Amino acid sequence: MKPDYKLVAKAKYIHNTADLASELWHEVYKRYYPAKQLDTLVEELQSADAIEADIDNDVNYFLVFLGGKLIGYFAWKMENTALHLMHLYLKPEYRGKAIGRDIVQTCERLAKGEGKGRVWCTIHAKALPVQQFFKALRYRELRPAEQENGIVPRNELVYEHTLS
């Protein structure tokens, strides 16, 4: 069974995405951030207001469904020379089933079709399984990510894949 991707545009879906983001971010990042810092990060970056602001700035959010069940979300933004994969989160029971790989490859095809030369993302420096996932897809670590203006330091690395 292949997953379906639903573009997030209506308020209802923005709130669904924010609720799912909060659930997944608390599960994924609890080992990297104290609880209050994590709450602040989620509020700053993945609240309904933050997602709506992203969408207003040309970020495309998609909910991922499998058999009618909401299992994750991803977001990307087309830039001058690249597609920036900003978020890719799946519920734990759906990881390791090639769904994330298919999402990344879909983004790569989209970027190539738009004449972009690369896809890039940022990954938490301590998230070794996520780094391995992207390395297996031929992404390479470039450098530490620049710190965005925010209250909580993010400690992320930039990974990119050059499209051929």
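Using my numbering, read the sequence shown as starting at 1 and increasing by one per residue.
Even glycine gets a Cβ: it sits at the ideal position worked out from N, Cα and C.
Because the structure is a prediction, the values reported are computed rather than measured.
Cross-strand partners of residue i (DSSP beta bridge)
{"i": "M78", "result": "L83"}
{"i": "Y89", "result": "Y73"}
{"i": "K6", "result": "L63"}
{"i": "C107", "result": "In DSSP, C107 forms no bridge with anything."}
beta-carbon residue i near the ligand SAH non-hydrogen atom, thresh 7 Å
{"i": "K2", "result": "Questions concerning the ligand SAH fall outside what the structure shown contains, since it holds no ligand whatsoever."}
Residues of its chain near residue i, where Cβ-Cβ distance is below 7 Å and the 5 sequence neighbours each way are ignored
{"i": "L83", "result": "W76, C107, L110, A111, K116 and V119"}
{"i": "F65", "result": "P3, D4, K6 and I71"}
{"i": "T162", "result": "G117 and R118"}
{"i": "A48", "result": "I14, H15 and A18"}
{"i": "H87", "result": "Y73, F74 and A75"}
Beta-carbon contacts of residue i that lie in its chain and below 6 Å, excluding the five residues immediately before and after
{"i": "E52", "result": "I14"}
{"i": "N60", "result": "W76"}
{"i": "L24", "result": "Y89"}
Distance CB(residue i)-CB(residue j) smaller than 8 Å
{"i": "F62", "j": "Y5", "result": "yes"}
{"i": "Y73", "j": "A21", "result": "yes"}
{"i": "Q99", "j": "L85", "result": "The amino acid occupying residue 99 in the given sequence is Ile; Gln does not appear at that position. No. Outside cutoff."}
{"i": "L142", "j": "V158", "result": "yes"}
{"i": "V104", "j": "L128", "result": "no"}
{"i": "P92", "j": "E27", "result": "yes"}
{"i": "K126", "j": "Y32", "result": "yes"}
{"i": "M1", "j": "G68", "result": "no"}
With 16 other Cβ atoms within 10 Å as the buried cut-off, status of residue i
{"i": "D56", "result": "exposed"}
{"i": "Q46", "result": "buried"}
{"i": "T166", "result": "What is shown of the chain runs 1 to 164, which leaves residue 166 out entirely."}
{"i": "T17", "result": "buried"}
{"i": "D54", "result": "buried"}
{"i": "E79", "result": "exposed"}
Chain-order list of residues whose beta-carbon lies under 8 Å from that of residue i (same chain, five-residue window excluded)
{"i": "Y29", "result": "L38, L41 and H124"}
{"i": "N96", "result": "The residue you asked about is not Asn; residue 96 is Gly in the sequence shown. Excluding sequence neighbours, G96 sits near nothing in its chain."}
{"i": "T81", "result": "K116, G117 and R118"}
{"i": "D58", "result": "K77 and M78"}
{"i": "E114", "result": "M78 and L83"}
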